[in-house]
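S.K.: Sending over a structure as structure tokens; questions will come in a sec.
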Amino acid sequence: MVSRKYVTVIGLEVHVQLKTNSKLFCPCSSDYIGAKPNSNVCPVCLGLPGTLPVLNKKAVELALKMSCAIGGNIQKESRFHRKNYFYPDLPKAYQISQYDRPISFGGKIPIRTADGKKFIGITRLHLEEDAGKLVHATSDGRLHGFSSSYVDYNRAGVPLIEIVSEPQISTPEEAKEYVLALRKLVRYLGVSDGDMESGSMRVDANISMNEEGQPLGVKVEVKNMNSLRALQRALEYEQKRQMEILSSGGVIIQETRHWDDVRGITVSSRSKEEAHDYRYFPDPDLPLLVVSEDLIEKMAKSIPELPWEKKERYLFEFSMSEEEAEILTSQRELAQYFEEVLASGAPVKPLVNWMKTEVIRSNKEGKFDFNNPEINPQALAKLVKFLDEGKISNTAAKDVWLVMLDNKVGLEEAMEKAGVTLGGLSAEKLESIVSKVLDQNQDVVKEILEGKDTKGKKIKFLMGLVMRETRGQAKPQNVEEMLRSKLHG
Amino acid sequence: MSVRELSAREIAGLVKRGELKATEVVRAVFDEIKNNEKKLNALITIMEERALKRAELIDEKVAKGQWKEKALLGVPVVLKDNICVEGYPTTCGSKMLKKWISPYNAGIVDYLEEAGTILIGKSNMDEFAMGSSTEHSAFGPTSNPWDLERVPGGSSGGSAASVAAGYVPLAFGSDTGGSIRQPAAFCGVHGMKPTYGLVSRYGLVAFSSSLDQIGPFTRTVEDMALALDVIAKHDYRDSTCWTGNRPSYSEAILNANIKGMRVGVVRDFMEEGLDDELAQAVEKGLGILVENGAIPVDLNLGDIKECALPCYYIIAPAEASSNLARYDGVRYGLREDADNLLDQYIKTRGKGFGDEVKRRIMIGTFVLSSGYYDAYYLRGLKARKYVCEKFKEAFSNVDVIVMPSTPTPPFKKGELVGDPIQMYLSDIFTLPVNLAGLPGISVWMGLNSTGLPMAMQIIAPKWHEVRILKAAAKIEETIGACPLAPGGE
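Going down the list, the sequences are from chains A and B.
Per my numbering, the very first residue in the first sequence carries number 2; after that it's consecutive.
Per my numbering, the very first residue in the second sequence carries number 698; after that it's consecutive.
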């Protein structure tokens, strides 16, 4: 049997919670994380009889900002629809969303792939409100089988944008890269926290497979992936599952499947309550959303250099490697710090090295915050310059960096504390260290003098000890010369 | 002269001058209610304690020389029971909300209180404002104060009866397809549906959001203008509320002059399906306007009479099916416990809603469902556009249009309750006005040969309530203000 080649087609729907102070249609706080259940609610977001929605301007601005960034075609007139379905977390029994007239159509986002850069097209971007949260005795999300469930409406009405991609993603890896790019973007723009674990960014996937050259296959919707890893694993699982069915002559059923992270599988959710007819119709409580040319322009102007633009520039302007540019643009604040240090006179190459190693490491260890850098750019610029000019050794520079972080002191004080001097050690200092090492290792000295160091290993051992004591500030040939003259002199 | 015979303007004047105490007004009102409520059943909730407290406060203020600027100082007011008052039930005439206490005030409640009124009670209505007779109330039918065997019309039958019987000089209802004008006509009082968007809908429990509008019932045109002055305000809490400036309606009708006013009359409407005496009443009304200098113009409104009813019974139920979906027993109102969620919904809604409401929810769900949306809802929208265009054409030639308010005089209780289509037809002349969002008044035209009230409808282009009030003032000069109904004695 000829083995057939299958192509994977993935499209993603990403919900992004907007960073507004208040909800999409009422003045309640949208900061629900950690809040007491049902404390951020009012008659409007509880959907009490007689209440009406009033659109949050800030949410519209953030949606426009995002549309501008992805090059979407902003609609000067868009409209809100009601998506009707019964569920206890939905106070009005309909969600206010956008349907046939979203705020933006089109656009694209560049991602990294094994074969280089690739653009993923965006179908549409629309505004909608979030639902509340059900709290069950267990966490698998099903209502059946529990005697009671609780509802927390703090999240009800929190503004979301939904970004729907074209089905142009070809692998689970690309799906992950796409979400990473999107996350980076929303954070750069200040539009959202973009945090999948806490739910401020949620991803649903549509995945289908077909034989190469054949029409698209039947798509399956996969939900409930709460991390990038879960997304990739779920799609890999689904890819394998579909391929097995197809290559054994089976048929894929169009359905929604839930990712079970514990078991590492997707599970069909063919329950009655999934079979919805949402009966969309224009919400009569909200007029057309009209955005002015001025507002669009204002939002376009508010957009910072985008992560992929910045990366291109770093590659070109600083001759960074792909990996270096990726790391330095991974967060807007990190890139900003880099540029400030650069502007303070640090030479590029050694600075890039310093950033991608020491700064990243300190950040991971929780010692260095990009948002609020503990070390001012001028200090790091000087340090890197000293390093570059050979005035201090790499080890010494690291010591100084850590002393600055740990003791919150300036460059000069840190150098003093670390015992680091510019231009390395004085001859007297080196001599005293050498003497000390020889004193402490008289057995080795004896062996050398007895001519037992035929391979020169023992003298290297002593050199190592001296170098360590000098914090790398001495030149090896100087150390060796001094050792030999002391030993034999 | 007893309090019940006084107009709102007269009461406010006496109270301000200290010639009548607000507490005396309130006592007289509750005496009246106690004497008549058994036979009328106009009110669902009586707010005696609140009213007395409020009256005491007013008397206190007046004694100190304060609050003299308040236009409706000391005026007792009844609200239809779909308008929310903080701390009191808003039942909407339904079992579903029998025990629901609103935690907030409707927009107009704030405005009325600011203007010095005293809330007396919440009036009976067809369940969720669906009906034309107030027989579809979970609290029993209201009687027509002119003939206790007959219906007061609906859905705002309790408010109309309260004014006709002399409980209060001013009451408010809501009009979605005629629910103010039709009961006004049946009870022999004036009732106005303002332009859609003139009055805030915030706190009015929604039936059909694109059609609903709050309006007043009064016994004089002067009171009507006064009431509009108070309630016609822009309210940011209702996104469909007009932001334009409202004129002073009271000033506009002083020495009203209608010379040269072009008055359209739709001859088609005066032929079949209309009671002879009511047709004569319209002719009489037109004659009065012409005597006062108006110019009569014969009009053709195309097929709007034929298409308004089917169009309305698509759009209104569609919106209602969505608006009423929130009554699911999860958060407030009636809950029928069950073993699972679906059964809880079915039992709660099965028990909480009456037949007419269920009928409309089913129609609305049907016309919005995916296979039928284009055939029904979309065609409904097209028909609505046609109605709007026909009116627009007509108003390019005339200033106001006169037509009947209802096709028949008040019918007997039980007469139409089993025949929904005949019941729907009693709104045939009022429905088109809602579809086009126009203002319309039903104005008292005296009694017919059997002693039942007659009325005429006057409509105008959007935001031209002043024209309507001027014409109505001229009618009232000849016909006289609305007399108190005998059933209220």
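A virtual CB, placed ideally from N, CA and C, is assigned to each residue, including glycine.
Let me check understanding here. Comparing Cα to Cα, which of 96(A), 329(A), 67(A) and 480(A) lies closest to residue 107(A)?
M.R.: Measuring from the Cα of residue 107(A), the nearest candidate turns out to be 67(A).
S.K.: What residues of chain A sit near residue 1085(B), judged by a beta carbon separation below 8 Å?
M.R.: Within chain A, no residue comes near residue 1085(B); the closest Cβ sits about 15 Å away, beyond 8 Å.
S.K.: With distance defined between alpha-carbon atoms, name the residue in 268(A), 11(A), 203(A) and 210(A) nearest to residue 227(A).
M.R.: Minimum Cα distance to residue 227(A) is reached at 203(A).
S.K.: Any C-beta of chain A sitting closer than 7 Å to the C-beta of residue 1040(B)?
M.R.: No, residue 1040(B) does not count as interfacial toward chain A.
S.K.: Express the C-alpha separation of residue 1179(B) and residue 42(A) in angstroms, rounding to a whole number.
M.R.: Cα to Cα, the separation comes out at about 46 Å.
S.K.: Judging by CA-CA distance, which residue of 267(A), 445(A) and 249(A) is the nearest neighbour of residue 257(A)?
M.R.: Nearest option by C-alpha distance: 267(A).
S.K.: Return the CA-CA distance between residue 758(B) and residue 711(B), expressed in angstroms with no decimal places.
M.R.: Answer to the nearest angstrom: the Cα atoms are 14 Å apart.
S.K.: Here's a check: name, in chain order, each residue in its chain whose Cβ is nearer than 7 Å to the Cβ of residue 906(B), leaving out the five neighbours to either side.
M.R.: Cβ within range, chain order: 1016 and 1020.
S.K.: Determine whether the beta carbon atoms of residue 983(B) and residue 962(B) lie at a separation below 7 Å.
M.R.: It is a contact, given that the beta carbons lie within the stated cut-off.
S.K.: Beta-carbon of residue 286(A) versus every beta-carbon of chain B: anything under 7 Å?
M.R.: True, the Cβ-Cβ gap to chain B drops below 7 Å.
S.K.: Can you find a CB in chain B that lies within less than 7 Å of the CB of residue 238(A)?
M.R.: So, not an interface residue.
S.K.: Could you give the first and the last residue of the continuous alpha helix (DSSP H) run that contains residue 995(B)?
M.R.: No alpha helix (DSSP H) contains residue 995(B), which is instead part of the beta strand (DSSP E) from 992-996.
S.K.: Hey, how far is the Cα of residue 1059(B) from the Cα of residue 1010(B)?
M.R.: Taking the straight line from one Cα to the other gives about 11 Å.
S.K.: Output the distance between the C-alpha atoms of residue 430(A) and residue 465(A), rounded to the nearest integer angstrom.
M.R.: Approximately 16 Å, taken between the alpha carbons.
S.K.: Give the secondary structure of residue 962(B) by DSSP, where H, G and I count as helix, E and B as strand, and everything else as coil.
M.R.: In the structure shown, residue 962(B) sits in a strand (DSSP, three-state: E or B).
S.K.: For residue 278(A), return the contacting residues in chain B, with the cut-off set at a CB-CB distance below 8 Å.
M.R.: 1066 and 1067, listed in chain order.
S.K.: Alpha carbon to alpha carbon, how far is residue 716(B) from residue 1120(B)?
M.R.: C-alpha separation (whole angstroms): 46 Å.
S.K.: For residue 354(A), which three-state DSSP category applies?
M.R.: Three-state result, residue 354(A): helix.
S.K.: Take residue 175(A) as the anchor and find which of 119(A), 150(A) and 441(A) has the nearest alpha-carbon.
M.R.: With distances taken between Cα atoms, residue 175(A) lies closest to 119(A).
S.K.: Whole angstroms are fine: how far does the CA of residue 1157(B) sit from the CA of residue 1092(B)?
M.R.: Whole-angstrom Cα-Cα distance: 8 Å.
S.K.: Any beta-carbon of chain B closer than 7 Å to the one on residue 2(A)?
M.R.: A caution first: residue 2(A) carries a pLDDT of 45, below 50, which makes its placement in the model too unreliable to give a value.
S.K.: Would you list the residues sitting across from residue 266(A) in a DSSP beta bridge?
M.R.: According to DSSP, which records beta bridges pairwise, residue 266(A) is partnered with 261(A).
S.K.: Please report the distance separating the alpha-carbon of residue 869(B) from that of residue 731(B).
M.R.: Their Cα atoms are separated by approximately 21 Å.
S.K.: Between residue 781(B) and chain A, is there a C-beta pair that is closer than 7 Å?
M.R.: Answer yes: the Cβ-Cβ gap between residue 781(B) and chain A drops below 7 Å somewhere.
S.K.: Measuring alpha carbon to alpha carbon, tell me which of 360(A), 381(A), 113(A) and 442(A) ends up nearest residue 413(A).
M.R.: Cα-wise, what sits closest to residue 413(A) is 381(A).
S.K.: Pick helix, strand or coil for residue 833(B), following the three-state DSSP scheme.
M.R.: Three-state DSSP puts residue 833(B) in coil, outside helix and strand.
S.K.: Can you say whether residue 661(B) is buried or exposed, counting buried as having 16 or more other CB atoms within 10 angstroms of its CB?
M.R.: Examination of residue 661(B) is not possible in this model, given that chain B is present from 698 through 1186 alone.
S.K.: DSSP beta-bridge partners for residue 786(B)?
M.R.: Note: residue 786(B) sits in a beta bridge opposite 798(B).
S.K.: What residues in its chain sit with their C-beta under 7 Å from that of residue 14(A), if we drop five residues either side in the sequence?
M.R.: Same-chain partners within the cutoff: 163, 165 and 205.
S.K.: When we look at the beta-carbon of residue 76(A) and count the other beta-carbons within 10 Å, is it buried (16 or more) or exposed?
M.R.: Buried is the call here.
S.K.: By DSSP, does residue 273(A) sit in helix, in strand, or in coil?
M.R.: Confidence is the limiting factor: at residue 273(A) the pLDDT is only 48, short of 50, which leaves the residue's position unreliable, though a coordinate-based value still follows. Here residue 273(A) sits in helix by DSSP.
S.K.: Does DSSP classify residue 418(A) as helix, strand or coil?
M.R.: In the structure shown, residue 418(A) sits in a helix (DSSP, three-state: H, G or I).
S.K.: Under the criterion of a Cβ to heavy atom distance below 6 Å, does residue 30(A) qualify as lining the ligand GDP?
M.R.: Summarising the ligand content, the structure contains no ligands, and the ligand GDP is consequently not present.
S.K.: Could you tell me which chain B residues have their CB closer than 7 Å to the CB of residue 378(A), listed as they occur along the chain?
M.R.: Under the 7 Å cutoff, chain B gives no residues; its nearest Cβ is about 46 Å from residue 378(A).
S.K.: Could you check the C-alpha separation between residue 454(A) and residue 476(A) for me, to the nearest Å?
M.R.: If I take the Cα positions, the gap works out to 22 Å.
S.K.: Locate the alpha helix (DSSP H) running through residue 1047(B), then write down its first and last residues.
M.R.: Start and end: 1038-1049.
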